Amino acid sequence: MNATTAFIGGGNMATSLIGGVIAGGTDPSAILVAEPDARQRERLSQQFAITVTDNNLEALRRDVVVLAVKPQLLQQVCNQLAQSDRASRPLYVSIAAGVRTRAIERWLGGHAAIVRCMPNTPALIRCGATAMFANPVVQAAQRELAAGILQAAGLTAWVAEEDQLDAVTAVSGSGPAYFFLLIEALQRTAVTLGLDQETANQLTLQTALGAARMANESGLSVEELRARVTSKGGTTAAAIASFEHNEFHQLVSEAVHAAFDRSRELADEFGKDK
Ligand SMILES: NC(=O)c1ccc[n+]([C@@H]2O[C@H](COP(=O)([O-])OP(=O)(O)OC[C@H]3O[C@@H](n4cnc5c(N)ncnc54)[C@H](OP(=O)(O)O)[C@@H]3O)[C@@H](O)[C@H]2O)c1
44 MNATTAFIGG GNMATSLIGG VIAGGTDPSA ILVAEPDARQ RERLSQQFAI
94 TVTDNNLEAL RRDVVVLAVK PQLLQQVCNQ LAQSDRASRP LYVSIAAGVR
144 TRAIERWLGG HAAIVRCMPN TPALIRCGAT AMFANPVVQA AQRELAAGIL
194 QAAGLTAWVA EEDQLDAVTA VSGSGPAYFF LLIEALQRTA VTLGLDQETA
244 NQLTLQTALG AARMANESGL SVEELRARVT SKGGTTAAAI ASFEHNEFHQ
294 LVSEAVHAAF DRSRELADEF GKDK
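Next comes the structure, spelled out in structure tokens:
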């Protein structure tokens, strides 16, 4: 990443992204963070040797401005930027969950190049899954700049329609919690079957990790992998039959639809002018 980049908000996600892009070879001097908390500024400057400021308007002199504040604060931040230097036309990359580009563009005063991203929490350990949407103002080279930043946090994928980000939110955004829930249920059951808590936790976690790695690295579909460990009349077959009897697929589908509906509602709420 040779372009200059500013982060507005120097919290968890910004820290992870900055660590990732610097590890990927970006010169720290190309990065600025605008952050109100003095201790956090000091921490970021010590950790990464980057420039820090408490003035968000300084971000506007950079090629890319990453909006990394909480969604509820985004309007206030954008309104402040809109009142400043009208000549600067940076690419805005928003990682604020659930805030649509139309709202961000309106708050910035119109006609802005905006890439909206939906990362998930494993981004904090650079194992995230991020979907990205570019509004029509964004140029091809700017797409690459945005992807270069988010790739520092893991896998990235573009979606063609912004509405698809609600599906992304329901699948990969909230998804880590679904897997945590399954792991939790398996750990609890393991204890009821007589394993001690630590052994139950270790075996369950390693199983989740091993299954994810096999699904990722074997080149086989998850259906095929499942069929291979499910011998007729065996233990896995007994468990899968019980899952199916209890309509596991339907259960997951209803849960993910609930997240999808909630994502749309929240986007409507976040997009209202305050
Ligand atoms: N964490 C995740 O895994 C995750 C996943 C998907 C999406 N996101 C999105 O990423 C964004 C950032 O999340 P986060 O977890 O990094 O939150 P965070 O740790 O709270 O970081 C936000 C930072 O913004 C600072 N800030 C507050 N008001 C500001 C202002 N007016 N100008 C500049 N900076 C300001 C905060 O400072 P103070 O602490 O002093 O208020 C804080 O350091 C959110 O919009 C969230 O929806 C996060």
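The number in the numbering used here is simply the position in the sequence shown, starting from 1, with 43 added. Beta carbons: idealized from backbone N, C-alpha and C, even for Gly. This one's a predicted model, so the numbers in the text were calculated from it and none came from an experiment.
- The beta-bridge partner set that DSSP reports for F50 consists of V76, V109.
- Straight through space, the alpha carbons of L103 and G68 are spaced by roughly 23 Å.
- By the C-beta density criterion, D209 is buried, having at least 16 other C-beta atoms within 10 angstroms.
- Exclusion of V180 from the 7 Å shell around ligand 1 follows from its C-beta lying no nearer than that to any non-hydrogen atom of the ligand.
- Checking the 7 Å criterion, the Cβ of E308 is out of range of every heavy atom belonging to ligand 1.
- Remark: the C-beta of P79 is in contact range of ligand 1, defined as less than 7 Å to any heavy atom.
- The continuous alpha helix (DSSP H) containing T242 extends over residues 240-260.
- Taken atom to atom, the span from the alpha-carbon of A146 to that of K315 is near 8 Å.
- V158 places its beta carbon less than 8 Å from that of A189.
- Beta-bridge partners assigned by DSSP to I138: none are found.
- In the structure shown, the three-state DSSP call for T273 is coil.
- L60: member of the alpha helix (DSSP H) spanning 55-66, first to last residue.
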